[in-house]
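Asks: Residue numbering for the sequence shown follows the numbering used here, beginning at 604 and increasing consecutively.
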Amino acid sequence: MGTMNTRPLFLATLLGIWMVPTAPAAEPSAQQVQSGKTAFVPCASCHQVGRSARAAFGPQLNALFGRRAGSTTDYRYSAAMKRSGIVWTEQTLAAYIRDPQAVVPGTSMRFVSYGYSDRKIADLLAYLRTYQAAGLSAPAPAPPASGR
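Next comes the structure, spelled out in structure tokens:
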């Protein structure tokens with residue numbers, strides 16, 4: 604019995620993920636955003652978000668949704684990421700978080716998402732969406748408490 608070449612099926616699956624139309628994301632709850640912030644903690648060792656975010660061991664993640672993979676100018680991406688053609692959506696990000704090497708073979712991201720359920724990934728993406736507008740705006744920090 605010969606071996607089956609699964610590469611065309613794999614590529615068709617990825618193309619299907621990338622081509623799924625995306626509906627506007629529903630407004631996440633404060634609890635979902637807080638859960639996403641917690642889910643982001645391991646990500647923060649390589650990625651930054653917020654007003655002063657910049658590339659570090661990984662690219663900054665402001666204005667991520669709708670951005671072409673490998674396109675920020677302050678990070679040195681792998682050749683695989685630059686040529687991937689991915690535009691980041693809820694679907695492509697979820698697939699990438701689950702298995703970066705399957706989505707972009709040769710990527711330099713070495714994250715293993717064990718324990719990242721669909722809910723945890725959705726919460727993480729809801730948190731990242733709070734950094735979408737203008738590439739850096741997130742909920743403004745609370746003003747300092749007076750009376751000191």
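Where is the CB? At the ideal position from N, CA and C, for every residue including glycine.
1. Does the Cβ-Cβ distance between Ala698 and Val706 come in under 7 Å?
2. Taking only the alpha-carbon atoms, compute the straight-line gap between Gln637 and Pro708 and give it to the nearest angstrom.
3. Would you tell me roughly how many angstroms separate the C-alpha atoms of Pro627 and Arg732, rounded to the nearest one?
4. In the DSSP assignment, what are the bridge partners of Val644?
5. Below 8 Å on the Cβ atoms is my guess for Gly639 versus Ala729; work out the distance and round it to an integer in Å.
6. To the nearest angstrom, how far is the alpha carbon of Tyr719 from that of Ser655?
7. Is Lys723 closer than 7 Å to Ala642 when the C-beta atoms are compared?
8. What are the residues that DSSP puts in a beta bridge with Arg671?
9. In whole angstroms, what separates the C-alpha of Ser687 from that of Gln663?
10. Output the boundary residues of the alpha helix (DSSP H) element that contains Arg732.
11. Could you please give the first and the last residue of the uninterrupted alpha helix (DSSP H) stretch that includes Gln663?
12. Classify Ala697 as helix, strand or coil using the three-state DSSP reduction.
13. Closest to Tyr717 by CA distance: which of Gly653, Asp726, Arg701 and Ser711 is it?
14. Whose C-beta lies closer than 7 Å to the C-beta of Ser681 among residues of the same chain, with five residues either side of it excluded?
Replies: So, from the data block:
1. For Ala698 and Val706, yes; Cβs fall inside 7 Å.
2. Looking at the backbone, the Cα of Gln637 and that of Pro708 are separated by about 31 Å.
3. Low local confidence applies: a pLDDT of 48 at Pro627 is under 50, so the model's placement there is unreliable, and no value is given.
4. Bridge partners of Val644: none, in fact.
5. Taking 8 Å as the upper bound for CB-CB distance, Gly639 and Ala729 are in contact here, some 5 Å apart.
6. CA-to-CA, the gap between Tyr719 and Ser655 works out to about 27 Å.
7. In this structure, Lys723 lies closer than 7 Å to Ala642 by Cβ.
8. Note: Arg671 sits in a beta bridge opposite Val690.
9. Cα atoms of Ser687 and Gln663: separation of roughly 18 Å, rounded to the nearest angstrom.
10. Where Arg732 is concerned, the enclosing alpha helix (DSSP H) stretches over Asp721 to Arg732.
11. The continuous stretches of alpha helix (DSSP H) do not include Gln663, and DSSP gives it neither H nor E.
12. Ala697: helix per DSSP, three-state reduction.
13. The residue from Gly653, Asp726, Arg701 and Ser711 with its alpha-carbon nearest to that of Tyr717 is Arg701.
14. Hits under 7 Å: Gly709, Thr710 and Ser711.
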